[in-house]
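Shown next, in structure tokens, is the structure this report addresses.
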Amino acid sequence: MDDTALNRVLAALPPTPSADDYRHIAHQLLPYIQAEVPAMGEGESLERLRFLMQVARRDLGLARIIEGHLDATQILYEARHPLHDESLYGIWASGGPADSTQIDHDSPTGSGKLLGSKPFCSGSDIVDRALVYIYSSEQLIDIDMRSAAAESRLHFEAEHWKAPAFAETHTWTVAFDSLLVRPTQRIGQPRWYFERPGFCLGALAPAACWAGGAFGLVDHVRQQTLKNGHAKAHLGAMVAATTSMRTMLAWGAERIDADPGNDGGHLFPTALLVRHHIERGCADILDRFGRTLGPRPLAFDAENARRVSELSLYMRQCHAESDLEELGVHLEKHPGFP
């Protein structure tokens, strides 16, 4: 699949996609991803980020599904764990008080049973397989979601997700009921998921999606006839923000490719710096979008109203001042950074 075919697949997504649409289009993109989207940290990281921006520019819900698949398959690649090429993957590593997952190890074979609930599972019934982080044992595991559902060893709690944004990505809570987990399903050793250099590499991917979502809003503004100087000034500022975001993503990708093993110890602060810049640029574009076009695209245009609400929610994956504090601590210890 070349870029023309990629654009054709993305164009086939309807303006208001359903979960089935996301599943269908994501599976159609798998051959392109396998053939054309490079791994992070191998000299072409920017091409991977550009692909995510392109998907997000078309639809943020699809981007969430694809970003999770790319992250999961990158993890499997790093762990040298078998990959099912025709499967759509998710990665579910959110924790917090709503996460009650645990593995009951009561088998002499080293197998265990997965119990409890996991929140924020994007693509719950869309993905074929999921990498799930179990905080109680600090272990990442690979789950065949189709098989587990067929065995009635899990169910979905859709009612927990209240927002209309990303409703069709089925970001539900997944409750596991004594699902058998074998030793071969473990990905790396305990805590490997967080300690691997690749954790830093993957941190730029959501920012690329935020940027792509904002670019989609700017595309809409550029298609309008702007009748006053204030609106044209806002457009100029928005385009400047997109240019700046592209430059920051390129800078981050270049640093990743220069030190993929994080030998210098600067990759995560680099990602935090880029993510902060992208988050601020997106927030500025969201503000200027409304100030330029007024309430009409938010009230009467379902596609733009959905994009605004989804981008606003997606950006909250940035940890705001908490990330800035971590960046500031690093700057104090490394005054020469960046």
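Last residue of the sequence shown? That's 608 in my numbering, and every number before it is there in order.
Note that CB positions come from ideal geometry on N, CA and C, so glycine has one too.
Okay, do the region 543 to 562 and the region 489 to 504 touch, 3+ Cβ pairs below 8 angstroms being the bar?
yes
How far does the alpha helix (DSSP H) with Y292 in it extend, from its first residue to its last?
Here the alpha helix (DSSP H) through Y292 covers 289 to 306.
List the residues that DSSP assigns as beta-bridge partners of E591.
BP columns for E591 are empty, so no partner.
By DSSP's criteria, I548 is part of a beta bridge. Which residues make up the other side?
Its beta-bridge partners do not exist; DSSP assigns none.
Comparing alpha-carbon positions, which option in T371, M310, L280, D329 lies nearest Q344?
M310
Assuming W362 contacts K383 under a Cβ cut-off of 8 angstroms, what Cβ separation, rounded to an integer in Å, is found between them?
Actually they are not in contact, since the Cβ atoms of W362 and K383 sit about 18 angstroms apart, beyond 8 angstroms.
Helix or strand or just coil, what does DSSP make of L462?
The question names Leu, yet the displayed sequence has Trp at residue 462. Looking at W462 - three-state DSSP - the assignment turns out to be helix.
I need the DSSP call for E427, collapsed to helix, strand or coil.
strand
Helix or strand or just coil, what does DSSP make of D412?
For D412, the three-state secondary structure derived from DSSP is strand.
For A326, I'd like the list of residues in its chain whose CB is within less than 6 angstroms of its CB, leaving aside the five on either flank, ordered along the chain.
A333, C479, G482, G483
Could you please give the first and the last residue of the uninterrupted beta strand (DSSP E) stretch that includes S448?
442 to 451
Which residue spans inside the region 320 to 381 form an unbroken beta strand (DSSP E) run of at least 3?
359 to 362, 372 to 374
Specify the secondary structure class of Y403 as computed by DSSP and reduced to three states.
strand
Considering only residues of the same chain and omitting the five flanking positions on each side of R577, which have a CB-CB separation below 7 angstroms?
Only L330, G483, G486, L487 meet the Cβ criterion.
Can you pull the DSSP bridge partners for R386?
As written in the sequence, residue 386 is Gly, which differs from the Arg given in the question. Looking at the DSSP assignment, G386 forms a beta bridge with F446.
Please state whether DSSP places I396 in a helix, a strand or coil.
Look at I396 here: in three-state DSSP terms it is coil, with no helix or strand label.
Using 9 angstroms as the threshold, is the C-beta distance between A477 and A541 below it?
yes
From the DSSP output, read off the bridge partner residues of I457.
L410
On the premise that V279 lies in contact with I303, defined as a C-beta separation below 8 angstroms, what is that separation, rounded to the nearest angstrom?
Going by Cβ atoms, the distance from I303 to V279 rounds to 11 angstroms, so no, they are not a contact pair.
Report the rounded CA-to-CA distance for E595 versus L543, giving the unit in angstroms.
11 angstroms
Q372 to T274, Cα distance in whole Å?
45 angstroms
Suppose you measure from the CA of H425 to the CA of A419; what does that come to, to the nearest Å?
7 angstroms
Check whether the Cβ atoms of A503 and D554 lie closer than 9 angstroms to each other.
no
For the candidate residues E348, A435, S579, whose alpha-carbon lies nearest to that of R466?
E348
List the whole-angstrom C-beta distance separating V451 from I411, where the pair is believed to meet the contact cut-off of C-beta under 8 angstroms.
6 angstroms
Can you give me the start and stop residues for the alpha helix (DSSP H) that M508 sits inside?
499 to 528
Between which two residues does the alpha helix (DSSP H) carrying N277 extend?
273 to 281
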